[in-house]
Structure formats: C-alpha cells, structure tokens
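Student: Sequence lines, in order, name chains A and B.
All letters in the first sequence, in the order written, are residues 1 to 197 by UniProt numbering.
All letters in the second sequence, in the order written, are residues 1 to 95 by UniProt numbering.
Got a structure here, written out as structure tokens. Questions coming.
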Amino acid sequence: MWIYEKSLERPVKISRPDPAFAKLVITQYGGPDGELSASLRYLNQRYSMPTDKAKALLTDIGTEELAHMEMIAALVYKLIEGADPKDMEAAGWGGQYAQHNHGLFWTDANGVPWSAKYIACLGDPITDLAENMAAEQKARTTYEHLIDLTDDPCVKDTLRFLWQREVVHFQRFGECLNDVQEHMSKMNTWCGYEMRK
Amino acid sequence: MKRNVDDAQVEEKGERAEEKDERIEENDEQEELERDNMNMWNMNDTCNCQKTSAKMMLAHAYVPWQCYDEAFSPQEALKKGTLFPSLYGVYPIPR
Ligand SMILES: [Fe+2]
Numbered sequence: 001m002w003i004y005e006k007s008l009e010r011p012v013k014i015s016r017p018d019p020a021f022a023k024l025v026i027t028q029y030g031g032p033d034g035e036l037s038a039s040l041r042y043l044n045q046r047y048s049m050p051t052d053k054a055k056a057l058l059t060d061i062g063t064e065e066l067a068h069m070e071m072i073a074a075l076v077y078k079l080i081e082g083a084d085p086k087d088m089e090a091a092g093w094g095g096q097y098a099q100h101n102h103g104l105f106w107t108d109a110n111g112v113p114w115s116a117k118y119i120a121c122l123g124d125p126i127t128d129l130a131e132n133m134a135a136e137q138k139a140r141t142t143y144e145h146l147i148d149l150t151d152d153p154c155v156k157d158t159l160r161f162l163w164q165r166e167v168v169h170f171q172r173f174g175e176c177l178n179d180v181q182e183h184m185s186k187m188n189t190w191c192g193y194e195m196r197k
Numbered sequence: 001m002k003r004n005v006d007d008a009q010v011e012e013k014g015e016r017a018e019e020k021d022e023r024i025e026e027n028d029e030q031e032e033l034e035r036d037n038m039n040m041w042n043m044n045d046t047c048n049c050q051k052t053s054a055k056m057m058l059a060h061a062y063v064p065w066q067c068y069d070e071a072f073s074p075q076e077a078l079k080k081g082t083l084f085p086s087l088y089g090v091y092p093i094p095r
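So this is what it looks like as structure tokens:
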C-alpha cells in the first residue's frame with residue numbers, strides 16, 4: 001500500500017521552455033535506465049529477497065524512484081509548456097506532438113517506447129542486487145550526460161539532485177549486498193528456502 | 001591514500017572551474033573545503049561502525065559500510081540530494 005503526498009520530492013524549476021531538451025530528458029521517464037524502469041525493477045524484486053531488511057530497502061528505493069519519475073514528468077511537462085506544433089517540430093519532436101500532443105509517454109531519447117525488457121528479476125538475491133547496483137550506475141551516468149546537454153542552471157540543479165540520489169542508492173544496495181551475502185553464507189539459505197544438500 | 005584521492009579531485013575540479021563564472025567558482029571552493037574536512041572513505045580508525053563482513057569471499061562484491069557521523073541540515077540535504085557529507089562528492093559533481 002502507498003500513501004500519496006501531494007507534492008514533489010523536491011520542487012522542479014526551469015528558466016525557460018526547451019522542447020529540444022524535453023526530447024532528451026524523457027529517457028529518464030521511459031528509457032532503459034530511467035525512473036520507471038528503476039521503480040518497477042525494485043518493487044518487483046523484493047518478493048524473492050531473503051531478509052526483511054532487503055525487502056524493506058527495495059520497497060523504499062522503489063517508492064523513491066516513483067517520486068523521481070514524477071519529478072521527471074513535471075520537468076518534461078514544464079519544458080514543453082506553451083510550445084506550439086511548430087515549436088515541437090523545430091525541436092525534432094513533431095512525432096511526439098502527432099501522437100501525444102502535450103501528453104507524456106514513456107520513451108527513451110530516440111522515441112523507443114518503454115519495455116519490460118529493461119528490467120530483470122532472476123530470483124537470486126545476489127544476482128538481482130548486482131543488477132540494481134549496475135542500474136544505479138547507469139542512471140548516474142545518464143544524468144551526467146543530460147547535465148552536459150543543457151545550459152539551464154535550474155534544470156541542471158534538478159538533474160544534479162536526482163544524480164546524487166543514484167549515488168546514495170548505490171551505497172544502500174551495496175550495503176544490502178554485504179548483508180545478504182553474509183546472511184546466505186551463515187544460514188545456508190537460498191531465496192528464503194532451505195538449500196538442498 | 002585518502003590524500004591522493006582528494007588531491008586528484010581538487011585538481012580535476014580546478015580544471016573544470018576555469019570555464020565557469022566566478023559565483024560557481026566560489027561554490028566549488030567552498031565545497032572543496034567541506035570535502036577536505038570530511039572522511040570520504042570511512043578510513044578513519046576511530047570509526048566503530050566499520051564492521052567489515054565476517055569473511056570476504058573471492059568473486060563476491062562488497063561496499064564499505066557508511067559511518068553515520070555527520071549530517072547536513074534538512075535544507076542543505078534537500079539541496080544536495082543527501083543528508084550525509086560522507087556521500088557527497090564521492091563521485092565528481094557534474095556541473
Ligand atoms: Fe536510483
């Protein structure tokens with residue numbers, strides 16, 4: 001169950017509309033290393049984690065990633081606010097306007113729609129936590145690329161916050177991996193079940 | 001080791017700052033000071049939360065445990081994206 005807070009995790013501001021950058025930053029909405037992927041990856045993997053602490057961490061981070069998806073959505077929406085069809089076309093986003101007008105859709109920066117292929121769940125806690133640590137690094141790097149691609153200091157500020165959260169998440173998943181590996185070596189358990197000898 | 005890593009980051013930051021305006025440079029300098037004062041790698045001997053995993057095994061990955069010794073103010077934490085000085089600046093901050 002979730003409780004919805006009627007505010008963003010952190011306010012999103014922009015200096016001026018910029019549909020061309022909206023087209024790029026949409027990848028953190030619906031791209032392979034974006035916030036939807038992150039959220040669903042963690043919220044789905046928690047069932048096969050061997051400890052309550054690991055399940056709780058995946059729930060917490062998966063929930064925060066949903067809040068990040070909301071921040072990216074607000075950012076994209078503001079960046080295209082007031083843009084007319086010609087502005088969208090000039091920004092290389094005529095296709096977006098044709099299909100979605102000012103609505104949002106989960107795609108990467110090249111218009112490729114979101115796919116469940118972006119996320120994995122092998123059911124092995126070590127494998128899944130290693131995937132999550134890689135995912136956090138990929139998200140961190142994507143934010144660095146996006147920060148390189150905008151001159152707007154307000155947009156950079158928002159993206160830098162989200163970038164730092166990925167660094168924190170990497171640390172937390174790493175600590176979780178330490179725990180889970182220790183737990184599994186002590187308890188002789190595998191995915192919560194007794195290991196067959 | 002900590003010293004070398006800090007120096008390398010200071011150098012890199014220095015190069016980057018040349019392209020930015022003065023205000024950003026000031027911020028950078030302030031952050032260098034903050035980073036100098038903190039224990040980025042949890043190498044501090046007095047840290048008692050350095051519980052290394054009981055036994056480290058080959059072909060397994062481990063991340064150093066974080067020391068919860070210092071915190072930013074809530075306002076600063078919301079600005080920076082972390083409550084913890086020890087997690088801020090461990091990767092070069094993108095400008
Ligand atoms: Fe994350």
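Idealized CB from N, CA, C, for every residue including glycine.
As the structure is a prediction and not an experimental result, all values here were calculated from the model.
(1) Quick one: residues with CB closer than 6 Å to any heavy atom of ligand 1, in chain order, please.
(2) Would A/I147 count as contacting chain B if we go by Cβ distances under 8 Å?
(3) Does the beta-carbon of A/H145 have 16 or more other beta-carbons within 10 angstroms, so that it is buried, or is it exposed?
(4) If we ignore side chains and look at the alpha-carbon of each, how far apart do A/C176 and A/W106 end up?
(5) Which ranges does the beta strand (DSSP E) cover as unbroken runs of at least 3 residues, wholly within the stretch 15 to 79 of chain A, from first to last along the chain?
(6) Closer than 7 Å between beta carbons: that is the criterion. Which residues of the stretch 6 to 34 of chain A meet it against chain B?
(7) By DSSP's criteria, A/P113 is part of a beta bridge. Which residues make up the other side?
(8) Specify the secondary structure class of A/S185 as computed by DSSP and reduced to three states.
(9) Of all the options A/W114, A/M88 and A/L75, which has the alpha carbon lying nearest to the alpha carbon of A/K13?
(10) When we look at the beta-carbon of B/G14 and count the other beta-carbons within 10 Å, is it buried (16 or more) or exposed?
(11) How close, in whole Å, do the beta carbons of A/Y42 and A/L36 come, if the pair is a contact with beta carbons under 8 Å?
(12) Using beta carbons (cut-off 8 Å, strictly below), is B/Y68 in contact with chain A?
(13) Could you check the C-alpha separation between A/M88 and A/E81 for me, to the nearest Å?
(14) Under 7 Å Cβ to Cβ from A/G34, same chain only, skipping five residues before and after it: list those, please.
(15) Output, in chain order, the set of chain E residues within a Cβ distance shorter than 9 Å of B/L58.
(16) Buried or exposed for A/R172, please, with buried defined as at least 16 other CB atoms from any protein chain shown within 10 angstroms of its CB.
(17) Nearest CA to the CA of A/S7: which residue from A/Y47, A/G62, A/Q45 and A/M69?
(18) Could you tell me the boundaries of the alpha helix (DSSP H) in which A/Q137 lies?
(19) Excluding the 5 residues preceding and the 5 following A/C154 in the sequence, name in chain order all residues of the same chain whose CB lies nearer than 6 Å to its CB.
(20) Check whether the Cβ of A/N178 lies closer than 8 Å to any Cβ atom in chain B.
(21) Looking at the C-beta of A/E175, does it have a partner C-beta in chain B at a distance below 8 Å?
(22) Starting from B/A71, find everything on chain A with Cβ-Cβ shorter than 7 Å and list it in chain order.
(23) On the criterion of 16 or more Cβ atoms from any shown chain inside 10 Å, does A/Y97 qualify as buried, or is it exposed?
(24) Among B/F84, B/Y91, B/L58 and B/A59, which residue has its Cα nearest to the Cα of B/F72?
(25) Does residue 98 of chain B have its Cβ less than 8 Å from a Cβ in chain A?
(26) What does the alpha-carbon distance come out to for the pair A/T127 and A/A83?
Tutor: On the basis of the data shown:
(1) A/A38, A/E65, A/E136, A/A139, A/R165, A/E166 and A/H169
(2) Here residue 147 of chain A is taken as the residue at index 147 of the first sequence, counted from 1. Answer yes: the Cβ-Cβ gap between A/I147 and chain B drops below 8 Å somewhere.
(3) Within the first sequence, residue 145 of chain A is the residue found at index 145, counting from 1. Exposed, since its Cβ has fewer than 16 Cβ neighbours within 10 Å.
(4) Here residue 176 of chain A corresponds to residue number 176 of the first sequence, with the count starting at 1. Here residue 106 of chain A corresponds to residue number 106 of the first sequence, with the count starting at 1. Per the coordinates, the alpha-carbon of A/C176 lies some 30 Å from the alpha-carbon of A/W106.
(5) Fully enclosed beta strand (DSSP E) runs of 3 or longer: not present.
(6) R10
(7) The sequence position of residue 113 of chain A within the first sequence is 113, counting from 1. A/P113 is bridged to A/T107.
(8) Taking the first residue of the first sequence as position 1, residue 185 of chain A is located at position 185. Helix.
(9) As a working mapping, residue 13 of chain A is identified with position 13 in the first sequence. That would be A/L75, whose Cα lies nearest to the Cα of A/K13.
(10) Taking the first residue of the second sequence as 1, we reach residue 14 of chain B at position 14. For B/G14, the predicted model reports a pLDDT of 45, less than 50, meaning its position is unreliable and no value from the coordinates is stated.
(11) On the first sequence, residue 42 of chain A is found 42 positions in, with the first residue counted as 1. On the first sequence, residue 36 of chain A is found 36 positions in, with the first residue counted as 1. Actually they do not touch by this definition, with Cβ atoms about 11 Å apart.
(12) To locate residue 68 of chain B, count along the second sequence from 1; it is residue 68. Not closer than 8 Å to any Cβ of chain A, the Cβ of B/Y68 fails to qualify, so no.
(13) Along the first sequence, read from residue 1 onward, the residue named residue 88 of chain A stands at position 88. Along the first sequence, read from residue 1 onward, the residue named residue 81 of chain A stands at position 81. Between A/M88 and A/E81, the C-alpha separation is close to 11 Å.
(14) Translated into the one-based positions of the first sequence, residue 34 of chain A becomes position 34. If you ignore the 5 residues before and after A/G34, its C-beta comes within less than 7 Å of the C-beta of T27 and Q28, all in its own chain and listed in chain order.
(15) In the structure shown, chain E does not exist; the protein chains are A and B.
(16) For the purposes of this step, residue 172 of chain A is taken as the residue at position 172 of the first sequence. It is buried - the Cβ of A/R172 has at least 16 other Cβ atoms within 10 Å.
(17) The residue labelled residue 7 of chain A in the question sits at position 7 within the first sequence. Ranking A/Y47, A/G62, A/Q45 and A/M69 by Cα distance to A/S7 puts A/M69 first.
(18) Taking the first residue of the first sequence as 1, we reach residue 137 of chain A at position 137. Element bounds for A/Q137: P125 to D148.
(19) On the first sequence, residue 154 of chain A is found 154 positions in, with the first residue counted as 1. Contacts found: K13, I14 and S15.
(20) Within the first sequence, the letter at position 178 stands for residue 178 of chain A. It does; some Cβ of chain B falls within 8 Å.
(21) As a working note, residue 175 of chain A is residue 175 in the first sequence. Closer than 8 Å to some Cβ of chain B, the Cβ of A/E175 qualifies, so yes.
(22) Here residue 71 of chain B corresponds to residue number 71 of the second sequence, with the count starting at 1. Result: empty, since nearest Cβ-Cβ is about 13 Å, beyond 7 Å.
(23) Your numbering for residue 97 of chain A matches position 97 in the first sequence. The residue is buried, with at least 16 neighbouring Cβ atoms inside 10 Å.
(24) As a first step, residue 72 of chain B must be located in the second sequence, where it is residue number 72. Of the listed residues, the one whose Cα sits closest to B/F72 is B/F84.
(25) Coverage of chain B is limited to positions 1 through 95, which leaves residue 98 of chain B absent and any answer about it impossible.
(26) Sequence index remark: in the first sequence, residue 127 of chain A carries index 127 (1-based). Sequence index remark: in the first sequence, residue 83 of chain A carries index 83 (1-based). Rounded to the nearest angstrom, the two C-alpha atoms are 44 Å apart.
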